[in-house]
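Okay, so here's the structure we're looking at.
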Amino acid sequence: MVGGGGAGGGLLENANPLIYERSGERPVTAGEEDEQVPDSIDAREIFDLIRSINDPEHPLTLEELNVVEQVRVQVSDPESTVAVAFTPTIPHCSMATLIGLSIKVKLLRSLPQRFKMDVHITPGTHASEHAVNKQLADKERVAAALENTHLLEVVNQCLSARS
Amino acid sequence: MAAAAALEAVAPTGALWGLVQDFVMGQQEGPADQVAADVKSGSYTVLQVVEALGSSLENPEPRTRARGIQLLSQVLLQCHSLLLEKEVVHLILFYENRLKDHHLVIPSVLQGLRALSLCVSLPPGLAVSVLKAIFQEVHVQSLPQVDRHTVYSIITNFMRTREEELKGLGADFTFGFIQVMDGEKDPRNLLVAFHIVHDLISRDYSLGPFVEELFEVTSCYFPIDFTPPPNDPHGIQREDLILSLRAVLASTPRFAEFLLPLLIEKVDSEILSAKLDSLQTLNACCSVYGQKELKDFLPSLWASVRREVFQTASERVEAEGLAALHSLTACLSRSVLRADAEDLLDSFLSNILQDCRHHLCEPDMKLVWPSAKLLQAAAGASARACDHITSNVLPLLLEQFHKHSQSNQRRTILEMILGFLKLQQKWSCEDKDERPLSGFKDQLCSLVFMALTDPNTQLQLVGIRTLTVLGAQPGLLSSGDLELAVGHLYRLSFLEEESQSCRVAALEASGTLATLYPLAFSSHLVPKLAEELCLGESDLARGDGPTKHSQHLCCLQALSAVSTHPSLVKETLPLLLQHLCQMNKGNMAAGPNEVIAVCQSLQQVAEKCQLDPESCWYFHQTAIPCLLALAVQASMPGKEHSVLRKVLLEDEVLAAMVSVIGTATTHLSPDLAAQSVARIVPLFLDGNISFLPENSFPCRFQPFQVEIPQLNQLMRELLELSCCDSCPFSSTAAAKCFAGLLNKHPAGQQLDEFLQLAVDKVEAGLGSGPCRTQAFTLLLWVTKALLLRYHPLSSCLTDRLMGLLSDPELGPAAADGFSLLMSDCTDVLTRAGHAEVRIMFRQRFFTDNVPALVQGFHAAPQDVKPNYLKGLSHVLNRLPKPVLLPELPTLLSLLLEALSCPDSVVQLSTLSCLQPLLLEAPQVMSLHIDTLVTKFLNLSSSPSMAVRIAALQCMHALTRLPTPVLLPYKPQVIRALAKPLDDKKRLVRKEAVSARGEWFLLGSPGS
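If you read the protein sequences in the order shown, they are chains A and B.
Heads up: the first sequence at position 125 corresponds to 125 in the numbering used here, and the numbers run straight through without jumps.
Heads up: the second sequence at position 342 corresponds to 342 in the numbering used here, and the numbers run straight through without jumps.
Below, the structure written as structure tokens:
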């Protein structure tokens, strides 16, 4: 599913990317500590799930590379929908599908089953935007990709906690 | 040797002969100890042993010779202190000679030499001769590990006792040792060898021409790559080796020319630990190196550090890189220069500036943070470095601030400026005439004020912090600046609900700055607040809406926040008290919350006063009579019926007032406290006893050794009151008060009398009747008072309490009582209130009572078992985790059972005990995997949010168990953990996400 890419080997496509500050931990509010008050799933919560995913190519997180941003997360808890748009660092990034897949897998593992999730490229930021979006939306292809040991390995590395 | 034996022709006794035969020919081990014991007890001499060995020492069969020498060596190891000088000389000659013998014999010979190296009576010259013989005859690295270790021990022993003699050998000794350790592989031996090298260097042995060889023979292990085998019985950690090797490498500037290139190379390594080790070693070197050693390597070192900080993925590498840069700069700043030498600090800093400053100016702001961190690391090293960098960077950053228009970017720049200003603080006291910041003062102030008025909260926050730092620079801000600053802080103190963090920060900043500029605050802030408070009074009277209410609260908080200077306290305290009295006049619709808010502000003022004795006394004298008067007045029957009268008598309000009095009293000196008590106790005793519910408070704040008038009567009254069933609030207060006094009362007849009275009272009350609860409360507080001071009676009382766990009525309360026993109170029985509190009372309570609790649990009928578990939970919860960990495995079966207990307190405490255990002792826990998984999953749907969180944290910790144990459960767990992902509480979902994520990774490729 990921054409040609993979984690290792070769020159980096974008050797010196822009680095952005990491946002801090979300402060805990009094409402969150109150047993009775339900906290709905909001954009920041989704963003917290995906911001610490490691980039497959750089030793940096998607947040630090500005690949994911809180403003590009749309979520509706009552309707059980999530939409995440991500922005590849360069328009020809061959890692785009892999990044999308990592985000997708992270959400699959972390969100209640009732959610319908849509992971796509921020419009106009990638050369083969349409093709990548189509692959990410295809459930069967995503499932098949996760059967591939090599791909699963790379995805798991992206999802592992940093030292 | 044989000749020496012949000199004293004493026939070996038959017994000795037999023992020797058994050992040498019979291959039994026991006789060696027997012979040694006999020599020690004086039955035979060492000489007789040698004689008895006689032929076996010269036997043509090497195994027999080895066995003979082994016996002699073992005896010597135990008896070396008995040897005479003459004997030592002969033995050494014998052993040196044997070094040439068959290789089977060598281990025993080395053992013997080790014994002799411990001899005090070793004549001069022999140490050197032994070492020479070893260096010459033994090829150490072809020996087994144990024997190599023996050689190192011999060397260590001689170095400890014969330093001067060994130094006489000159560089030959160093060379000999280099050959001994060359090729060593065993970590145990390496630790000793590194230690020897460290001593060689630090004790100034001659290294001669062998500096580079010595470096090579040690540096070849750098960076250490060692993973201790599982179940390693020797307990050597990788860290031990790293530190001891680092101590060697960084011990002398003479290694610099070899070490620095090595470090530069290894920093570039792919392996994270190698990078870290190299940077840390560089850091260590800087404390012994000088300019001379670093000179040639500075450009490369800077390039390496810069690369690591700019490109790293790991925060640890970044931190170590910055630390190394800091040390390098500090080293250059410290070096004493020869008159003609160039100051490398300037050129080094210029290099750093050159490589970093352009990143600060890039419009896209990439790499600004790493650059700023590098510059700050260097600037933090010395005053000179700080000035050099700040004077270059500040103008640049000020300019950048104005170039960028977005609040986020401005915040980043201001944060960097703040970092540099903070560093300035570190040095400002040292140079007096020059203030590097004064030139930028106006620009900095206008920039800060701009930030304070920005709509972006984050930028405001940084602005407030910067203002605090600027204010802390002595003499920097003018009175005009201060007036403006105070104006801003006033505005920020009334921010709306959504900018809480800003408001809190502004209050904190006001407090800090008020200590430095009390005048500015008393003339520009306090009058405004006073006005606001008056407005608030009339608003409250009209009963205006919630906005006014929160305004009022902000005002009270602002008043207490600035009470950080004695002169300000004298203005704010009267305002607050006056406000309270106004409320009492009854022309305001003040509810309990308003009164409590005032009390909380008063308490904050009291806390701030505690550090300054004068303010403390002022507060005490002014506030306490006022509060007591209000309370007493309110409780008088038949006075006018204001609403507030009732409000003041509510438990919460009284508790808030009491808390103010308590805080105002804890730090008083004994003589002042005595004055105060002398006025207050009569108020209680000479009035009508039954009419004041709060009359029992005064005695809670009687510090240690304060003479209390009419103590006897007071104690009896308290005891009476504590078991009277009219008002639970007052009886509890009386019990606490009684306990407080009991704790401080000196041991003796009077104390015993009081105790007897109390015990009688308790027993009478517990028997039956309406006062069982009160009697129980009294028992609890008396137990606590005695427990804290290790009074012998405390164990009796604890047993009584434990007995109550199976009481159908009081059982649950008794279980919760254990929490009180183990916790720190805030009002009575505190150290601050001079109570007698022994430091280890919790540990002691644990050791004394936990076995009984466990036993009680097993013996108890089913329906009261939870009480025991709960009691135990409280005890375990309050104990420091390191103390608890070793004890936990013995409690494990109980803890597993406790997981099924329906009480959420028990569940929570059990989970919090099990969680560290899962991390520390995964092997033991693996045996119970089935129970653990089932119970944890059950608890993850508990009605209590704290239990759900703890259960999920345990699910996460489970992943530390060996993967093969976990894999069979993986599908089941992943399915089960899908449910808490949809928990209604965010904090629970967060734990579920991280636990489930880890379970997904188990046994999966790439994890």
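Just so it is clear, CB atoms sit at the ideal spot from N, CA and C, and this is done for glycine as well.
In the structure shown, ILE264 (chain B) falls within a helical segment according to DSSP collapsed to helix, strand and coil.
Taken through DSSP and simplified to helix, strand or coil, GLN74 (chain A) comes out as strand.
Taking a contact to require three or more Cβ pairs closer than 8 Å, the region 24-33 of chain A and the region 964-984 of chain B do not qualify as touching.
Taken through DSSP and simplified to helix, strand or coil, ILE974 (chain B) comes out as helix. The region 761-769 of chain B makes no contact with the region 729-739 of chain B: fewer than 3 CB pairs, one atom from each, lie closer than 8 Å.
Your pair VAL109 (chain B) and ASP101 (chain B) checks out as a contact, with CB atoms roughly 7 Å apart and the cut at 8 Å.
For VAL658 (chain B), the closest alpha carbon among the candidates B:LEU169, B:GLN425, B:LEU630 is that of B:LEU630. In this structure, the alpha-carbon of LEU152 (chain A) lies about 12 Å from that of ILE99 (chain A). ALA950 (chain B) and LEU908 (chain B) have their C-alpha atoms some 7 Å from each other.
Close CB contacts of PHE215 (chain B) within its chain, under the 6 Å cut and outside five residues either way in sequence, are with PHE255, PHE258 (chain order). Counting only residues of its own chain and dropping the five nearest sequence neighbours on each side, SER327 (chain B) has a CB closer than 6 Å to the CB of ASN283, CYS286. For VAL82 (chain A), there is no enclosing alpha helix (DSSP H); the residue is found in the beta strand (DSSP E) stretching over 81-86.
ASP612 (chain B) sits in coil when the DSSP states are folded into three classes, being neither helix nor strand. Counting C-beta pairs with one atom in each stretch, the region 558-568 of chain B and the region 507-516 of chain B have three or more that are closer than 8 Å, which means they touch. Rounded to whole angstroms, the separation of the alpha carbons of ALA995 (chain B) and LEU136 (chain A) is 26 Å. With fewer than 16 other CB atoms across the displayed protein chains lying within 10 angstroms of its CB, LEU519 (chain B) is exposed.
Of all residues in the region 73-99 of chain A, none places a beta-carbon less than 7 Å from a beta-carbon of chain B. Going by C-alpha positions, GLN70 (chain B) is about 22 Å away from LEU126 (chain B). Secondary structure at THR890 (chain B): helix, using DSSP grouped into helix, strand and coil. Three or more pairs of CB atoms, one per stretch, sit closer than 8 Å, so the region 71-84 of chain A contacts the region 34-46 of chain A. Secondary structure at HIS149 (chain B): helix, using DSSP grouped into helix, strand and coil.
In this structure, ALA37 (chain B) lies near GLN78 (chain B), with their beta-carbon atoms less than 9 Å apart. At a cut-off of 9 Å between C-beta atoms, GLN157 (chain A) counts as an interface residue with respect to chain B. Using a Cβ-Cβ cut-off of 9 Å, LEU60 (chain A) counts as an interface residue toward chain B, since at least one Cβ of chain B sits closer than that to its own. Here GLN603 (chain B) is buried. Its C-beta has 16 or more other C-beta atoms within 10 Å. By a beta-carbon distance limit of 8 Å, ILE389 (chain B) contacts LEU349 (chain B). Their separation comes to about 6 Å. In the DSSP annotation of this structure, VAL140 (chain B) is not part of any beta strand (DSSP E), being labelled neither H nor E. Not one beta carbon of chain B lies nearer than 9 Å to the beta carbon of SER102 (chain A). Within the region 12-46 of chain B, the complete alpha helix (DSSP H) segments at least 4 residues long are 14-24, 30-41, listed from N- to C-terminus.
Minimum Cα-Cα distance from LYS292 (chain B) among the listed residues B:SER1004, B:PRO253, B:THR329, B:HIS195 corresponds to B:PRO253.
At a Cβ-Cβ threshold of 9 Å, VAL155 (chain A) and VAL105 (chain A) count as neighbours. Cβ-Cβ distances below 6 Å link LEU917 (chain B) to LEU888 in the same chain, with the five nearest sequence neighbours on each side left out; the list follows chain order. By DSSP's assignment, VAL119 (chain A) forms a beta bridge with A:VAL84.
Excluding residues up to 5 positions away in sequence, ALA951, CYS954, MET955 lie with their Cβ nearer than 6 Å to the Cβ of PHE936 (chain B) in the same chain.
Here the region 222-234 of chain B does not lie against the region 191-204 of chain B, with fewer than 3 beta-carbon pairs under 8 Å apart. With contacts defined as CB atoms closer than 9 Å, SER944 (chain B) and VAL906 (chain B) fail to qualify as a contacting pair.
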